[in-house]
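Participant:
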Amino acid sequence: MASPSTAASAHAKAARKPSRTIFTRADHSRYLMRGDGSIQELPRLDLTPPTFPVDTPQWTAAMAASTPSDPTRLRLVTWNMWFDPRAQEQRFDALIVDVLALNPDVVCLQEVTPQVLSAIEASALLQATYEHSPEPVCPYGCLILARRALRPKFANTPLPSKMGRSMVTCVVQGHMGTLPDVIIGTVHLESLNAPAMREAQLRACAAVFLPHANAVL
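Residues 53 to 269 in the working numbering are what the sequence shown lists, from first letter to last.
1. Assuming residue 85 is part of the beta strand (DSSP E), what are its boundary residues?
2. Enumerate in chain order the residues of its own chain whose CB-to-CB distance from residue 92 is below 6 Å, with the five nearest sequence positions on each side excluded.
3. Ends of the alpha helix (DSSP H) at residue 106?
4. Starting from residue 233, trace the beta strand (DSSP E) both ways and give me its first and last residue.
5. Using the Cα positions of residue 163 and residue 86, report the straight-line distance between them to the nearest angstrom.
6. Under 8 Å: do the segment 151-162 and the segment 191-198 share three or more Cβ pairs, one atom per stretch?
7. For residue 263, name the three-state secondary structure that DSSP assigns.
8. Expressed to the nearest angstrom, what Euclidean distance is found between the alpha-carbon atoms of residue 128 and residue 268?
9. Excluding the 5 residues flanking residue 156 on each side, which residues of the same chain have their C-beta closer than 7 Å to its C-beta?
10. How many Å lie between residue 145 and residue 89 at the Cα?
11. Can the beta-carbon of residue 261 be found closer than 8 Å to that of residue 235?
12. Please report the straight-line C-alpha distance between residue 174 and residue 71, rounded to a whole angstrom.
13. If you count every other CB in all the chains shown that lies within 10 Å of the CB of residue 237, and 16 or more means buried, which is it?
14. Locate the alpha helix (DSSP H) running through residue 144, then write down its first and last residues.
15. Going by the beta-carbon positions, is the gap between residue 225 and residue 202 smaller than 8 Å?
16. When you compare each of 138, 134, 142, 108 to residue 176 by their alpha carbons, which one comes out closest?
17. From the DSSP output, in three-state form, read off residue 183 for me.
18. With DSSP collapsed to three states, give me the class of residue 210.
19. Let me confirm a value: residue 263 is counted as buried when at least 16 other C-beta atoms fall within 10 Å, else exposed. Which label applies?
See below:
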């Protein structure tokens, strides 16, 4: 056991050691902050996983067995993908298999990461059928896939937010022009303990939908 004098000496040395803290920003850039307040930029944190496989045999089989599109209905799918990197490749693959099997006209996705967006853009199967909203998704965001035949028109509405939230919308022809146009929105409301902020965000979303006779959020 260390003597009281030895323990006190070790404590004094630890107290004199300058404090240093590493911070990681939302865009994965990092910096070191020292105890005196000085800052040193560090190399960006690379979280890019291996490229996701696309257009797999499972995707092709799901599309071949999918329910045909109904010209009298508008089929929608919405899904929170969860941005966490754990098993992201497997979760993405399973989700797309389900999407292709359902054969929706519009797909609304939340917590889409840049890696997921890159995989969607690399898929010949998805790109042949769907057009996607052009907004960036860094470090994660919302995305809409809409059937090209519906001539989608995308827009992005910034919301009152401390987390950079916005609503992505898409106006599509009511199926193949046989129904009135429909505006569809997807949003990831403010998380944490912020009920007042979420209420304000929903009011902002409602204002976007107000001029439209047919709207889905």
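The C-beta atom is built at its ideal place from N, Cα and C for all residues, glycine as well.
Facilitator: On the basis of the data shown:
1. For the purposes of this step, residue 85 is identified with residue 33 of the sequence shown, where counting begins at 1. Taken as a continuous stretch (DSSP letters only), the beta strand (DSSP E) holding residue 85 covers 82-86.
2. Sequence index remark: in the sequence shown, residue 92 carries index 40 (1-based). Closer than 6 Å at Cβ, skipping near neighbours: 84.
3. As a first step, residue 106 is located in the sequence shown; it is residue number 54 there, counting from the start. Careful: residue 106 lies outside any alpha helix (DSSP H) and carries neither H nor E.
4. As a first step, residue 233 is located in the sequence shown; it is residue number 181 there, counting from the start. It spans 231-239 - the beta strand (DSSP E) in which residue 233 sits, taken as one unbroken run.
5. Looking up residue 163 in the sequence shown gives position 111. Looking up residue 86 in the sequence shown gives position 34. If you draw a straight line from the Cα of residue 163 to the Cα of residue 86, it is about 33 Å long.
6. Touching, yes, given that three or more Cβ pairs across the two stretches are closer than 8 Å.
7. Position 211 of the sequence shown holds residue 263. DSSP places residue 263 in coil when its eight states are reduced to three.
8. Your numbering for residue 128 matches position 76 in the sequence shown. Your numbering for residue 268 matches position 216 in the sequence shown. Rounded to the nearest whole angstrom, the C-alpha separation of residue 128 and residue 268 is 9 Å.
9. Here residue 156 refers to the residue found at position 104 of the sequence shown. Cβ neighbours of residue 156 beyond the five flanking positions: 127, 128, 129.
10. Residue numbering aside, residue 145 sits at position 93 when the sequence shown is read from its first letter. Residue numbering aside, residue 89 sits at position 37 when the sequence shown is read from its first letter. Answer to the nearest angstrom: the Cα atoms are 45 Å apart.
11. Locating residue 261 in the sequence shown gives position 209, where the first residue counts as 1. Locating residue 235 in the sequence shown gives position 183, where the first residue counts as 1. In this structure, the beta-carbon distance from residue 261 to residue 235 falls below 8 Å.
12. Locating residue 174 in the sequence shown gives position 122, where the first residue counts as 1. Locating residue 71 in the sequence shown gives position 19, where the first residue counts as 1. Going from the Cα of residue 174 to the Cα of residue 71 covers about 45 Å.
13. The sequence position of residue 237 within the sequence shown is 185, counting from 1. With 16 or more Cβ atoms within 10 Å of its Cβ, residue 237 is classed as buried.
14. As a first step, residue 144 is located in the sequence shown; it is residue number 92 there, counting from the start. DSSP places residue 144 in the uninterrupted alpha helix (DSSP H) bounded by 140-154.
15. Stepping through the sequence shown from its first residue, residue 225 is reached at position 173. Stepping through the sequence shown from its first residue, residue 202 is reached at position 150. Contact: yes.
16. In the sequence shown, residue 176 corresponds to position 124, counting from 1. Measuring C-alpha to C-alpha distances from residue 176 to each of 138, 134, 142, 108 identifies 108 as the nearest.
17. Position 131 of the sequence shown holds residue 183. If DSSP states are grouped into helix, strand and coil, residue 183 belongs with the strands.
18. Position 158 of the sequence shown, counted from the start, is the residue given in the question as residue 210. Residue 210: strand per DSSP, three-state reduction.
19. Along the sequence shown, read from residue 1 onward, the residue named residue 263 stands at position 211. Residue 263 should be labelled exposed.
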